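Novice: Can you read through this structure? Questions will come right after.
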Ligand code: APR
């Protein structure tokens, strides 16, 4: 049986499937991933520009990277892979999408139960008084944007050196413990604690499947079925099979 049929059968036979996604699922929406050839971390050293200590020492400097990141996630649209996960949720197959991405494309792709494990660029807050802002209310003419209290405003994304938002952490680990199938799409799985989620799922007896054109840190030893294709190509094929089998139609 070919990989697509096996992958689709496991999805259809699952009782509680969840998805874990990374930057790779948004590459076909035009957002480069972090560690690929045009990745943000090839332009900005993540520990010099992506760490909370760097932000507090020199917010104007870190905002140069944040502005570049913000520009990447503006004016983009969900792709066929995001829509496929939205359809799998509607079919009752995918119960939760845990994403490391901050681009809000899963919600726009029809997924409603989304855990934003690394936060979101959609919202901002003052690093000093925690006042909340929306992206569209902030001018980036002067960096860093300042709150009326004088503190620097920052996006609600998790920087290196920061903890995962407690509610997102709990929802994600609950999903990993409860699932009987985890589909990992477009992540190098190089950043903890997100990279621990597939290990938790596997330790509870779940199937761990992967979609990524290249090997990730999960591919050797954690993933039991790896489709080495792009997210759009892989999910296009999977959805053809799932739609035919799910409604009981046979060709
Ligand atoms: N389809 C599927 N996967 C793809 C595609 C594609 N079209 N293009 C690239 N990929 C894969 C790459 O092979 C790589 O394994 O997506 C993965 C992206 O890996 P990273 O760039 O490391 O991004 P990610 O895993 O999301 O990073 C995790 O690190 O910097 C932090 O907070 C940041 O959330 C991010 C976290």
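In this note's numbering, the protein residues as written are 8 to 258. Note that beta-carbon positions come from the ideal geometry of N, C-alpha and C, so glycine has one too. Source: prediction; values computed, not measured.
1) When you compare the region 47–60 with the region 69–82, are there three or more beta-carbon pairs, one atom per stretch, that lie closer than 8 Å?
2) Relative to the ligand APR, is the shortest distance from any of its heavy atoms to the C-beta of residue 45 smaller than 7 Å?
3) Can you tell which of 37, 133, 93 has its C-alpha closest to the C-alpha of residue 119?
4) How would you call residue 170, buried or exposed, if buried means at least 16 neighbouring beta carbons within 10 angstroms?
5) Taking only three categories from DSSP, how would you classify residue 129?
6) So residue 107 packs on residue 29, CB below 8 Å; how close in whole Å?
7) Within a Cβ cutoff of 6 Å, which residues of the same chain sit near residue 91, ignoring the five residues on either side of it in sequence?
8) When you compare the CB positions of residue 123 and residue 86, do they come within less than 8 Å of one another, or not?
9) Tell me whether residue 139 is buried or exposed, calling it buried when 16 or more other Cβ atoms sit within 10 Å of its Cβ.
10) Could you compute how far the alpha carbon of residue 18 sits from the alpha carbon of residue 172?
11) Taking three-plus beta-carbon pairs below 8 Å as touching, is the region 152–166 in contact with the region 127–135?
12) Give a single yes or no on whether residue 178 has its beta carbon closer than 7 Å to a heavy atom of the ligand APR.
13) Heavy atom of the ligand APR less than 7 Å from the Cβ of residue 127, yes or no?
Specialist: Let's see:
1) yes
2) At a threshold of 7 Å, residue 45 does not count as near the ligand APR, since its beta carbon sits no closer than that to any of the ligand's heavy atoms.
3) 93
4) Counting C-beta atoms within 10 angstroms of its own C-beta, residue 170 has fewer than 16 neighbours from the protein chains shown and is therefore classed as exposed.
5) strand
6) 5 Å
7) 242, 246
8) no
9) exposed
10) Looking at the backbone, the Cα of residue 18 and that of residue 172 are separated by about 29 Å.
11) yes
12) no
13) no
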